[in-house]
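Here the numbering used here = 1-based position in the sequence shown + 145.
See structure below.
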Amino acid sequence: MKKHLALLFGGCSSEYEISLQSAAGVLRQLCGDAFLNQYKIIPIGITRSGRWLRCCQPLSSLLLQLESDTWHLDSGCMPAVLSPCRDDEKWSGLLTFHPDGSVEHTRLDLAFPVLHGRNGEDGRLQGLIELAGIRLIGCGSLSSALCMDKYRAHQLAAAAGVSVPAAVTVRLEDCVQGGDSTNRTAQRCGIDGRSCADRSMRISSLDTDALLTLTSGLTYPLFVKPVKEGSSHGIARITRPAQLADAVMAAFAFDDEVIVEESINGFEVGCAVMDDGQGGLLTGRVDEIELLAEGFFDYHKKYDAVDSRIHTPARIDPVTEALIAETARTIYRALDCRGFARVDMFLTPTREIVFNEVNTIPGMTAHSRFPKMLESAGITFTGMLDRLLA
146 MKKHLALLFG GCSSEYEISL QSAAGVLRQL CGDAFLNQYK IIPIGITRSG
196 RWLRCCQPLS SLLLQLESDT WHLDSGCMPA VLSPCRDDEK WSGLLTFHPD
246 GSVEHTRLDL AFPVLHGRNG EDGRLQGLIE LAGIRLIGCG SLSSALCMDK
296 YRAHQLAAAA GVSVPAAVTV RLEDCVQGGD STNRTAQRCG IDGRSCADRS
346 MRISSLDTDA LLTLTSGLTY PLFVKPVKEG SSHGIARITR PAQLADAVMA
396 AFAFDDEVIV EESINGFEVG CAVMDDGQGG LLTGRVDEIE LLAEGFFDYH
446 KKYDAVDSRI HTPARIDPVT EALIAETART IYRALDCRGF ARVDMFLTPT
496 REIVFNEVNT IPGMTAHSRF PKMLESAGIT FTGMLDRLLA
């Protein structure tokens with residue numbers, strides 16, 4: 146009997162478009178006979194506004210629609226929900242609501258979320274899948290939440306003996322002028338509730354002196370980042386105190402907590418890590434990000450290849466690469482990762498390895514860093530998915 150595999154994509158996130166690209170990359174591989182003979186693929190898309198739809202159109206059609214973001218307009222899409230109920234066969238698994246009012250129950254054996262950022266990679270979706278008793282492909286709710294939280298991930302990595310940038314966190318109530326009532330109102334705004342514009346209006350007055358006091362122990366240049374956001378959204382690199390308030394304001398548009406950290410003198414390296422199915426971990430070849438202009442590896446450099454180049458494998462000696470891979474495994478374990486993840490670090494001129502962040506659902510196109518690192522180590526995209534689903 147074929148196993149029922151739910152492939153989830155889209156989501157209420159600033160990384161919605163990237164999720165569609167990753168889902169297309171995965172689905173293209175799953176359409177091969179080797180997978181279709183073992184699995185019934187059940188695509189579940191989540192629109193930007195949070196509407197769940199089961200995609201019943203042919204997989205070949207869905208592939209084209211993902212590329213043009215028209216998948217949700219297909220007549221084959223029907224409203225659906227993932228039920229956390231386990232012990233009632235009628236109401237467990239995936240519930241699909243047909244136009245005639247009937248409700249179809251579909252058993253799910255595995256769920257593979259291919260969503261990035263908030264509401265997809267931060268543990269919320271993973272928690273629902275775990276509540277439903279469905280086998281989850283990838284990191285669980287705890288590790289997903291920890292890895293999305295840049296500050297707390299750094300604290301755990303440091304406790305495991307890994308170097309991290311000097312940093313402080315700035316909470317909304319620490320620096321918003323107007324009293325406790327205004328602060329509490331501002332905290333409830335944003336991605337999870339109201340719009341970024343509404344949030345910005347409510348935090349239009351920052352206490353600059355408080356900000357400068359909180360960050361007085363850090364040395365410029367600094368990076369200002371939302372604590373829980375992906376794809377470099379809301380991140381700024383600043384070189385002087387006069388830029389701090391504007392950068393923090395921009396980051397607060399994405400989160401109620403902001404991390405301000407010292408810039409690391411070096412370049413970024415990454416390592417793909419996967420469970421080997423026998424209690425151990427395997428890694429891909431370490432890659433290297435070369436910036437061809439001043440700045441940092443922002444959204445456009447990541448996805449448009451603007452002013453950047455990725456070298457796979459990295460242009461480093463074998464001993465250093467082995468140390469980076471071992472550090473990646475240490476971080477992976479410290480943050481309770483499962484299944485697969487990409488660990489990003491910095492390598493300084495003195496060969497110190499400094500932790501940056503973990504992507505628990507890294508990009509999954511044929512040109513993404515995670516598959517290319519594994520491919521350089523002899524594991525094809527198909528082989529990677531086979532290992533994850535096995």
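Every residue gets a Cβ at the ideal spot worked out from N, C-alpha and C, and that includes glycine.
Option nearest residue i by Cα separation, candidates the options
i, options, result
"V309", "L519, I163, T472, G272", "T472"
"L255", "L239, E212, I380, G424", "L239"
"L260", "I380, T192, V488", "T192"
"D400", "T475, M293, E520, G221", "M293"
"P507", "S237, F180, A486", "A486"
"C320", "D391, E160, K295, P458", "D391"
"S289", "F526, F515, A479, P516", "A479"
"L227", "S237, D233, D219, L218", "S237"
"Q300", "A535, W197, V372", "V372"
"L207", "I282, P188, M223", "P188"
"M146", "E162, F180, S159", "F180"
"H250", "A168, H149, C416, Y365", "H149"
"G484", "A417, S220, Q210", "A417"
"T510", "E497, F526, T495, R496", "F526"
"P386", "S513, E318, S361", "S361"
"R231", "S213, I274, F242", "I274"
"V414", "C200, F397, A467", "A467"
"L534", "S159, P463, Y184", "Y184"
"F368", "T384, T353, D245", "T384"
"E497", "I469, D489, R474", "I469"
"C201", "C284, C482, A151", "A151"
"M490", "G190, A302, D267, G221", "A302"
"I282", "E234, Q423, C482", "C482"
Residues bridged to residue i [DSSP beta-bridge criterion]
i, result
"S228", "G238"
"S308", "V499"
"K370", "I404"
"I383", "L367"
"T314", "I404"
"L281", "A256"
Start-to-end residues for the beta strand (DSSP E) that takes in residue i
i, result
"H540", "Nothing in the structure corresponds to residue 540, since the chain is present only between 146 and 535."
"H149", "148–155"
"D432", "432–436"
"C200", "197–200"
"A486", "485–492"
"L351", "Here L351 belongs to no beta strand (DSSP E), and DSSP marks it neither H nor E."
"G362", "Here G362 belongs to no beta strand (DSSP E), and DSSP marks it neither H nor E."
"K185", "184–191"
"E413", "412–420"
"E249", "248–251"
"I455", "453–456"
"P258", "255–258"
"L218", "Premise fails: L218 is in no beta strand (DSSP E) and is neither H nor E."
"T505", "First-last for T505: undefined, no H or E at that position."
"T428", "426–428"
Contact belief for residue i with residue j at Cβ below 8 Å, rounded distance in angstroms
i, j, result
"L291", "A298", "6 Å"
"L153", "P229", "Between P229 and L153 the Cβ distance is about 15 Å, and since that is not below 8 Å, they are no contact."
"S164", "G170", "Not really, about 11 Å apart at Cβ, beyond 8 Å."
"I461", "A312", "Not quite, the Cβ-Cβ distance comes to about 26 Å (not below 8 Å), so this is no contact."
"E374", "G265", "Not a contact, Cβ separation roughly 12 Å."
"M518", "T457", "6 Å"
"I476", "V307", "6 Å"
"L204", "A225", "Rounded, the Cβ-Cβ distance is 17 Å, inconsistent with contact."
"A398", "A381", "Actually they are not in contact, since the Cβ atoms of A398 and A381 sit about 11 Å apart, beyond 8 Å."
"L211", "A168", "6 Å"
"V315", "L253", "Not quite, the Cβ-Cβ distance comes to about 41 Å (not below 8 Å), so this is no contact."
Range covered by the alpha helix (DSSP H) that runs through residue i
i, result
"K295", "295–304"
"S205", "204–213"
"P463", "463–479"
"D178", "178–181"
"I274", "269–276"
"G528", "526–534"
"Y161", "161–175"
"K517", "514–521"
"D401", "Careful: D401 lies outside any alpha helix (DSSP H) and carries neither H nor E."
"E318", "317–320"
Distance cut-off 7 Å: residue i Cβ against heavy atoms of the ligand SAM
i, result
"V171", "Judged by which ligands are present, the structure shown has none, so any question about the ligand SAM falls away."
Is the number of C-beta pairs between the stretch 407–420 and the stretch 491–501 that are closer than 8 Å three or more? yes
Exercise. For the stretch 171–181 against the stretch 525–535, are there 3 or more C-beta pairs whose distance is under 8 Å?
Worked result: yes
Evaluate contact between the stretch 515–528 and the stretch 424–433, counting only Cβ atoms and requiring at least three cross-stretch pairs below 8 Å.
yes
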